[in-house]
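Trainee: Here it is, the structure in full.
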Amino acid sequence: MIDVQNRGYFEQHGCRFTAVIPTNIFGPHDNFNIEDGHVLPGLIHKVYLAKQTGSALTVWGTGKPRRQFIYSLDLARLFLWVLREYEEVEPIILSVSEEDEVSIKEAADAIVEAMDFRGELIFDTTKADGQFKKTASNAKLRRYLPGFQFTPFRQAVQETCAWFRANYASARK
Ligand code: GDP
């Protein structure tokens, strides 16, 4: 609806408002609530608790669905570029490349490594997998910014886990 509104403002008033479409965002200051947070912060919080209680990590679904995750700090840099340089009304997808899509199991493995979790992983297949893939093309972004360097996924997961551990008391959870 924001896109429809932006087109209307352009056609009627010549305003150049635009919209951005990010994929699955994660990073420091996220909502780490297990029930209503997104998958990465939810799993980070679950691993944190599983380590404390010596219990297993329960991953919802089969672990097979694939997602493109974008680190909030990378997205913030792209937001600033959009504000300053991007002149189109047409929305722009802000996403890592299609080759950088990871499975939920790979995402869980990255968290397990970052948190040095030695316990068991259980895939709870009574929980829904949801859509298998939601692959988005970042070809347009790459045409504008061919040299933009995304933070490597494992490094971004490590930084997010480190932030959560250091800010557990005040984190949104
Ligand atoms: P979300 O908005 O981050 O929950 O993203 P999606 O609904 O697009 O995909 C989340 C995927 O991760 C689904 O396949 C879930 O079954 C899976 N998943 C595994 N463990 C968890 C978890 O602890 N929390 C969430 N939110 N999803 C999980």
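Residue numbers for the sequence shown follow numbering that gives the first Met the number 0, beginning at 0 and rising by one.
For every residue, glycine included, the Cβ atom is placed at its ideal position computed from N, Cα and C.
Would you call the CB atoms of residue 67 and residue 108 closer than 8 Å?
Mentor: Between residue 67 and residue 108, the CB-CB gap reaches or exceeds 8 Å.
Trainee: Examine the ligand GDP and report whether any of its heavy atoms sits within less than 7 Å of the Cβ of residue 126.
Mentor: Within 7 Å of the C-beta of residue 126 there is at least one heavy atom belonging to the ligand GDP.
Trainee: Measuring CA to CA, which of 72, 147, 49 is closest to residue 138?
Mentor: 147
Trainee: Under the rule that 16 or more other beta-carbon atoms within 10 Å means buried, what is residue 46, buried or exposed?
Mentor: Buried, because 16 or more other Cβ atoms sit within 10 Å of the Cβ of residue 46.
Trainee: Is there contact between the segment 53–60 and the segment 81–94, where contact requires at least three CB pairs shorter than 8 Å?
Mentor: no
Trainee: Assign residue 121 to buried or exposed, taking buried as 16 or more other Cβ atoms, counted over all protein chains shown, within 10 Å of its Cβ.
Mentor: exposed
Trainee: Whose C-beta lies closer than 6 Å to the C-beta of residue 43 among residues of the same chain, with five residues either side of it excluded?
Mentor: So the qualifying residues of the chain are 110, 160, 163.
Trainee: Of the choices 8, 169, 76, 26, whose alpha-carbon is the least far from that of residue 87?
Mentor: 8
Trainee: Can you tell me the Cα-Cα spacing of residue 40 and residue 145, whole angstroms?
Mentor: 29 Å
Trainee: Using CA atoms only, rank isn't needed, just tell me which of 48, 27, 20, 23 is closest to residue 33.
Mentor: Of the listed residues, the one whose Cα sits closest to residue 33 is 48.
Trainee: Classify residue 0: buried if its beta carbon has 16 or more other beta carbons within 10 angstroms, exposed otherwise.
Mentor: Within 10 angstroms of the beta-carbon of residue 0 lie fewer than 16 other beta-carbons, which makes it exposed.
Trainee: Count the other CB atoms, across all protein chains shown, that sit within 10 Å of the CB of residue 29; report buried if there are 16 or more and exposed otherwise.
Mentor: buried
Trainee: Starting from residue 70, trace the beta strand (DSSP E) both ways and give me its first and last residue.
Mentor: 68–70
Trainee: Just how far apart, CA to CA, sit residue 21 and residue 74?
Mentor: Each residue's Cα considered, the two are about 8 Å apart.
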